[in-house]
Structures are given as C-alpha cells and as structure tokens.
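In the numbering used here, each residue's number is its place in the sequence shown (first place is 1) plus 1.
For each residue, glycine too, the CB sits at the ideal point set by N, CA and C.
The structure displayed is predicted, hence computed values, not measured ones.
Input: a single structure, listed below in structure tokens.
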Amino acid sequence: MSEYVITDFVTVAAGEPFRLLPFGQLVKNGRKREVTRELAARFRLPHFRPPIKLGSHKDETPAGGHIVALEVRDDGLYAVPEYNDEGAAALARGAFRYHSPEIVWEGGLEDPQTGDVQDGPLIIGDALLHTPHLGEAAALYTADITQGEQKMSGETVTVPVGWLDRLLGRVPEETPPPAPVATVDTDRLTAVESERDDLAAKIARMESEAAQAERVQRFAAELAETSLADDDGLPALLAGLSDETASELMRRFKALAEQARVSALTANVGHEGQAPSGDPVMELDAAIKSVMAAEKMDYVQAMARVRATQPDLIAAAYR
Numbered sequence: 002m003s004e005y006v007i008t009d010f011v012t013v014a015a016g017e018p019f020r021l022l023p024f025g026q027l028v029k030n031g032r033k034r035e036v037t038r039e040l041a042a043r044f045r046l047p048h049f050r051p052p053i054k055l056g057s058h059k060d061e062t063p064a065g066g067h068i069v070a071l072e073v074r075d076d077g078l079y080a081v082p083e084y085n086d087e088g089a090a091a092l093a094r095g096a097f098r099y100h101s102p103e104i105v106w107e108g109g110l111e112d113p114q115t116g117d118v119q120d121g122p123l124i125i126g127d128a129l130l131h132t133p134h135l136g137e138a139a140a141l142y143t144a145d146i147t148q149g150e151q152k153m154s155g156e157t158v159t160v161p162v163g164w165l166d167r168l169l170g171r172v173p174e175e176t177p178p179p180a181p182v183a184t185v186d187t188d189r190l191t192a193v194e195s196e197r198d199d200l201a202a203k204i205a206r207m208e209s210e211a212a213q214a215e216r217v218q219r220f221a222a223e224l225a226e227t228s229l230a231d232d233d234g235l236p237a238l239l240a241g242l243s244d245e246t247a248s249e250l251m252r253r254f255k256a257l258a259e260q261a262r263v264s265a266l267t268a269n270v271g272h273e274g275q276a277p278s279g280d281p282v283m284e285l286d287a288a289i290k291s292v293m294a295a296e297k298m299d300y301v302q303a304m305a306r307v308r309a310t311q312p313d314l315i316a317a318a319y320r
C-alpha cells in the first residue's frame, strides 16, 4: 500500500504554515546557495505528500504529519503542514526545537504512475530535530525565550512568544461548553399550580355535594315513616347537622311518631274533629305543628320554640 493512500486513514489536523527556507545565503557541507524569491517560486512538491518526520531523516522514522502545499512569503519559502495526533502532541510538548527540509536541488523524481519526471528543486520531506541541519536560520525556533520575546539566531528578527504556537499550528485546548442549566418558567409554574389547586377544590366540592345529597336522601327515607314525612325542608336541615346531632334528632322524631301512633289507637278521641286529649306526645306534636303553621317554621325550629315556651309539655312527652 502506498504512502499517500495510507495517510487517508490517519487522524490529521491542519496547522499554520512554517518557514522552510529564508531568503538569503545558506551553507551546507561547505556549499553555498542563494535563496531568492525567484528560486523559492520554482519549488514544487513531488507526486506524494512529503512526510514531516519526528526526530530523524531516516525513512523508517514515523511521520508526525505531511506537507500539503508550499507558499512564497515576504521572508522565505513556507510549508503548509497537516499534523496527525503524534505530530501535534510532539509539538505541543515542545519536543523539537529545529527542523531540516529534505530538498532535491538538481535532477528530478519520476512519477511511478505516469512516468513523468518532476524537475527540481523539490521539497520531498522535512524532519523535526533537536539540532539544525541548515544553520540557525532554518530552525523552527532556536533562541532562548526572554521577557516574553523569542529571538531567531542568525537573523535580526524579534517575534512574540505566541508566534511559536501559530507557527506550529498547535490546536488550542477547547474550553468545554458550560453545562446546561435547567431553567424554570416561574409564571408558567404558578399558573399550573393554580390550575391544579382549582381542580382539586372543584373535585372536593363535588364530592362534598354528592355526600350531602346522599345524606338528604337517607334522612328523607327515615322521615317517611314518621308524621314529618311532608316536611320537605327537614331532610336537608338534618343533613347539615353533625352525625351525632342528626342521629339523636331522628331517634326522638321516631319515638314521637311511635307514641303518636300508639296513642291514636288507644285514646278516647271524643267529639269528631277534636284533637286527641290526655296524651302528652300527641299534645306536643300538635303544639309543634301549631307553631309551624303560625310562625312559618320547619319542625325543628318549631320544636325549639315549644321547648322554650312550653317546657312542661316537653318534659311530659319525654317521661
């Protein structure tokens, strides 16, 4: 598998261009070369993407990235890099201080697919190193950092320290986004709670009304067996009382009704049309009904009136 196909499967990150060759004179192995703008414009990349090797020019050295393009700028020839994870990590650690480009000055390289020959000068690779191969001027960054500045030895250039990161295309650490904070619409919450409370009150009211109606029906059924069956308001009045009070009144009403029934069967009625006499229960019942008719009261209210005005009659009926 070819080198440039393999790179399709590695993780890379684009970095900012860095200078391969400065304009001016370079000396290597005693040979001098003058790098001009015209010469820099003639440089090309081969048919493959040149590797950026980590620590050595040897072919077996792992690549920390590749050169994907060349640019001519005001101060020299620049490479546009694309780093993989290993290269980015090495640069982030500051593992290398220099770089050394691999150059074919004369002759050329044959494209194995087309057979075409690419004439030099060609940039066929670069190596990140601990010592420079083209002198201090070809270093990525060479001098000591003093008081927030970095000086390139061999040239009169002073640049901010931040230039180092931009030169190497380091990827800054991403600040994680803030965790989402749940927000509460207080107005909406208040409205929902109000609706809930209103619904609960409505349900409670309906349940209370249903229970009250059931009590009215129960008392009406019990009063149907007494002489108070025709008093339509009495069942509702009893239903509004406590269970203890209503039960006691019903017991007394039934007792009065039973006494009246027995008296009617045994008493000497006398002249036709006259009320029975001699029976205190019947006399009490007659007195209550008389007050009901005269005062437009219900049975319970009339009984209370008789209790207040005729206590002897009440006492005689309950002996």
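query: Terminal residues of the beta strand (DSSP E) in which Val69 lies; result: Ala64 to Arg74
query: Integer Cβ distance of Tyr99 from Leu21, believed to fall under 8 Å; result: Between Leu21 and Tyr99 the Cβ distance is about 12 Å, and since that is not below 8 Å, they are no contact.
query: Local conformation of Leu40 per DSSP, three classes; result: helix
query: For Ala288 and Gln302, believed in contact at Cβ under 8 Å, the rounded distance; result: Going by Cβ atoms, the distance from Gln302 to Ala288 rounds to 13 Å, so no, they are not a contact pair.
query: Outcome for Leu190 when other beta-carbon atoms lying within 10 angstroms are tallied against a minimum of 16; result: exposed
query: Where the beta strand (DSSP E) through Arg20 begins and ends; result: Phe19 to Pro23
query: Bridge partners - Asp127, DSSP secondary structure assignment; result: Ile53 and Pro102
query: Rounded straight-line distance, which links the Cα of Pro178 to that of Leu71; result: 36 Å
query: Length of the line joining the Cα atoms of Glu87 and Gly56; result: 12 Å
query: Selected residue, minimal CA-CA separation from Ser101, among Arg94, Gln114, Asp127 and Glu107; result: Asp127
query: DSSP state of Arg320 mapped onto helix, strand, coil; result: coil
query: Inter-residue spacing [alpha-carbon to alpha-carbon] between Asp244 and Arg253; result: 14 Å
query: Residue(s) in a DSSP beta bridge with Leu324; result: Since the first residue of the chain shown is 2 and the last is 320, residue 324 is not available in this structure.
query: Nearest-angstrom Cα separation, counted from Asp186 out to Arg171; result: Unreliable positioning characterises Arg171 in this predicted model, as indicated by a pLDDT of 47, which lies under 50. The coordinate reading is nonetheless provided below. Going from the Cα of Arg171 to the Cα of Asp186 covers about 43 Å.
query: Contact check, Val292 vs Val307, beta carbons under 8 Å; result: yes
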